[in-house]
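Engineer: Just so we're on the same page, my numbering is the position in the sequence shown counted from 1, plus 53.
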Amino acid sequence: MRARVVLPVHKKCVNGFTLLELVIGIVVFTISLTVVLSLIVPQAGQTAEPFRQVKAAKLGQSLMNDILSRSYDENSDRSPPFETCNAKGNCSTTLGPEEASEDDYDDVDDYNGYTVNDVGGNYSSFGFTVTVDYDSDLNDSTPTDGLTFKRIDIAVTAPDGQIYNFSAYRGSY
Numbered sequence: 054m055r056a057r058v059v060l061p062v063h064k065k066c067v068n069g070f071t072l073l074e075l076v077i078g079i080v081v082f083t084i085s086l087t088v089v090l091s092l093i094v095p096q097a098g099q100t101a102e103p104f105r106q107v108k109a110a111k112l113g114q115s116l117m118n119d120i121l122s123r124s125y126d127e128n129s130d131r132s133p134p135f136e137t138c139n140a141k142g143n144c145s146t147t148l149g150p151e152e153a154s155e156d157d158y159d160d161v162d163d164y165n166g167y168t169v170n171d172v173g174g175n176y177s178s179f180g181f182t183v184t185v186d187y188d189s190d191l192n193d194s195t196p197t198d199g200l201t202f203k204r205i206d207i208a209v210t211a212p213d214g215q216i217y218n219f220s221a222y223r224g225s226y
């Protein structure tokens, strides 16, 4: 007699997902993505702020260096013996440009009231305003005698409306 071997019958395994499982997975993924993006997107606008701050600082410093390279007063010597207007006793009492063109500005107070709304180039949409005045805290005398100081204030306006302020002093010495 022959022995019969009976093999067990297995149900066929199906690898995959049902439609319901796919829909639930998509919903969970969408909710997760929404939560992550709601945390990231508000930060994207703030990542540009350090770049604006650096550009504003570069613009402010460049302009300040240009202004400070000028002489103290219209009546100060620009060649040897470099006598200041204080030494001569003829410092100007009005602040503002005596020249018609900004290319001809030769002393720091010529920049008083100087405003540019759009610098252009690498600083497109940046603007600035310059104010120059005698500093009453440092000056113990009138502009025509003794050691005097002019305070230079620059307000750089970034494209987002943020204002960055820079200040320096130019002394008559």
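Ideal Cβ positions, reconstructed from N, Cα and C, are used throughout, including at glycine.
Keep in mind the model is a prediction, meaning the values are calculated, not measured.
1) Determine which residues share a DSSP beta bridge with D160 and list them.
2) Within 8 Å, do at least three Cβ pairs link the segment 207 to 217 to the segment 168 to 184?
3) Assign L112 to one of two classes, buried (16 or more other C-beta atoms within 10 Å of its C-beta) or exposed (fewer than that).
4) Would you identify the three-state DSSP class for D186, choosing helix, strand or coil?
5) Based on the DSSP secondary-structure assignment, which residues constitute the bridge partners of T210?
6) By a C-beta neighbour count over all protein chains shown, 10 Å radius and 16 as the cutoff for buried, is F82 buried or exposed?
7) Express the C-alpha separation of Q96 and R131 in angstroms, rounding to a whole number.
Structural biologist: Considering the structure as presented:
1) Indexing the sequence shown from 1 puts residue 160 at position 107. Answer by DSSP bridge pairing, in chain order: S124.
2) The segment 168 to 184, when compared against the segment 207 to 217, does touch it at the 8 Å Cβ threshold.
3) Along the sequence shown, read from residue 1 onward, the residue named residue 112 stands at position 59. Buried: at least 16 other Cβ atoms inside 10 Å.
4) As a first step, residue 186 is located in the sequence shown; it is residue number 133 there, counting from the start. D186 falls in the strand class under three-state DSSP.
5) For the purposes of this step, residue 210 is taken as residue 157 along the sequence shown, with counting starting at 1. G180, I216, per the DSSP bridge assignment.
6) Locating residue 82 in the sequence shown gives position 29, where the first residue counts as 1. Around the beta carbon of F82, fewer than 16 other beta carbons sit within 10 angstroms, so the residue counts as exposed.
7) Translated into the one-based positions of the sequence shown, residue 131 becomes position 78. Translated into the one-based positions of the sequence shown, residue 96 becomes position 43. C-alpha separation (whole angstroms): 51 Å.
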